[in-house]
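Enquirer: Residues 18 to 209 in this note's numbering are what the sequence shown lists, from first letter to last. Below is the structure I would like to discuss, written out as structure tokens.
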Amino acid sequence: MSQSPYQILVRDLPLSREFDVPASFIAEAMRGLPVREALGGTADDASSCAGHLQLDLYAEGVHVFANGRISGVVMVACSRCIEPMRISFDEPLRVTFLPSAELPADEDEPDEDGVAITEDDLDLFAYDGEVIDLEPLLREQFVLAVPYAPLCAEDCRGLCPQCGINRNQGTCTCEAPGDPRLAALKALKFPS
Ligand SMILES: [Zn+2]
Ligand SMILES: [Zn+2]
18 MSQSPYQILV RDLPLSREFD VPASFIAEAM RGLPVREALG GTADDASSCA GHLQLDLYAE
78 GVHVFANGRI SGVVMVACSR CIEPMRISFD EPLRVTFLPS AELPADEDEP DEDGVAITED
138 DLDLFAYDGE VIDLEPLLRE QFVLAVPYAP LCAEDCRGLC PQCGINRNQG TCTCEAPGDP
198 RLAALKALKF PS
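Put into structure tokens, the structure is as follows:
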């Protein structure tokens with residue numbers, strides 16, 4: 018047996034692995050996402066995140082195939098009103114691990130773990146030929162679970178841009194200003 022639930026020795030394949038993903042791991046994976054940072058201190062609340070991974074892994078030559086499911090709950094800030102909201106997901110997971118040397122050539126910069134992943138090859142991960150590391154895969158799954166601009170409700174009314182009141186919870190008497198983005202667009206003169 019290997020020490021960490023995230024590490025799998027290729028010589029032990031095939032095997033199945035199933036475990037809960039600790040909230041601390043999820044919080045770390047999502048560090049730096051604006052909709053997480055907007056939560057401030059509550060983002061570290063251990064009860065606000067949860068995850069569960071189930072994978073069946075087998076090897077064919079140097080290819081390692083992993084099939085299973087990932088589910089989780091993450092806490093983020095609504096992109097309009099900044100109130101905390103939960104995002105739940107439960108997705109099939111199907112990825113292939115390849116020895117680093119066999120990964121397709123890639124112009125992109127490798128990410129901080131040295132794992133180069135192109136947008137076309139999101140389901141390809143590198144490994145060193147002996148040990149499969151599930152951590153980069155897991156981190157990516159939790160980041161991918163968060164939409165670019167999550168909404169607590171489709172009709173969330175957001176914050177008043179002038180006084181900052183949460184319009185879902187109260188009203189204010191601020192005058193509706195002209196949309197500054199429209200004004201800026203009108204001021205633009207496009208060269209022909
Ligand atoms: Zn909202
Ligand atoms: Zn207002």
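We put the beta carbon where it would ideally sit given N, CA and C, even for glycine. Predicted model, so just to flag it, every value in this text is computed and none were measured.
Please identify the residue among F142, C66 and C95 whose C-alpha is closest to the C-alpha of F42.
Expert: Of the listed residues, the one whose Cα sits closest to F42 is C66.
Enquirer: Can you name the start and end residues of the alpha helix (DSSP H) that R53 belongs to?
Expert: Residues P51 to E54.
Enquirer: Just how far apart, CA to CA, sit D137 and I182?
Expert: Interpretation of D137 is limited by its pLDDT of 49, a score under 50 that renders its predicted location unreliable; the figure taken from the coordinates is listed afterwards. Approximately 42 Å, taken between the alpha carbons.
Enquirer: For the alpha helix (DSSP H) containing E152, list its first residue and its last residue.
Expert: From DSSP, the alpha helix (DSSP H) with E152 extends over E152 to L161.
Enquirer: How would you call L154, buried or exposed, if buried means at least 16 neighbouring beta carbons within 10 angstroms?
Expert: Buried: at least 16 other Cβ atoms inside 10 Å.
Enquirer: Quick one: does the C-beta of Q212 sit closer than 7 Å to a heavy atom of ligand 2?
Expert: The structure shown does not extend to residue 212, since the chain spans only 18 to 209, so no value can be given for it.
Enquirer: Report all residues from its chain with a CB closer than 7 Å to the CB of C211; omit the five preceding and five following residues, and keep chain order.
Expert: This structure cannot settle anything about residue 211, because the visible part of the chain is limited to 18 through 209.
Enquirer: Considering only their Cβ atoms, is the gap separating P31 from L72 smaller than 8 Å?
Expert: No, they are not a contact pair.
Enquirer: Under 7 Å from any heavy atom of ligand 1, does the C-beta of L15 make it?
Expert: The question about residue 15 has no answer, for the chain in this structure spans 18 to 209.
Enquirer: Quick check: D140 and V112, are their CB atoms within less than 8 Å of each other?
Expert: Yes, these two residues count as a Cβ contact at 8 Å.
Enquirer: Which of the three DSSP states, helix, strand or coil, is assigned to E100?
Expert: E100: coil per DSSP, three-state reduction.
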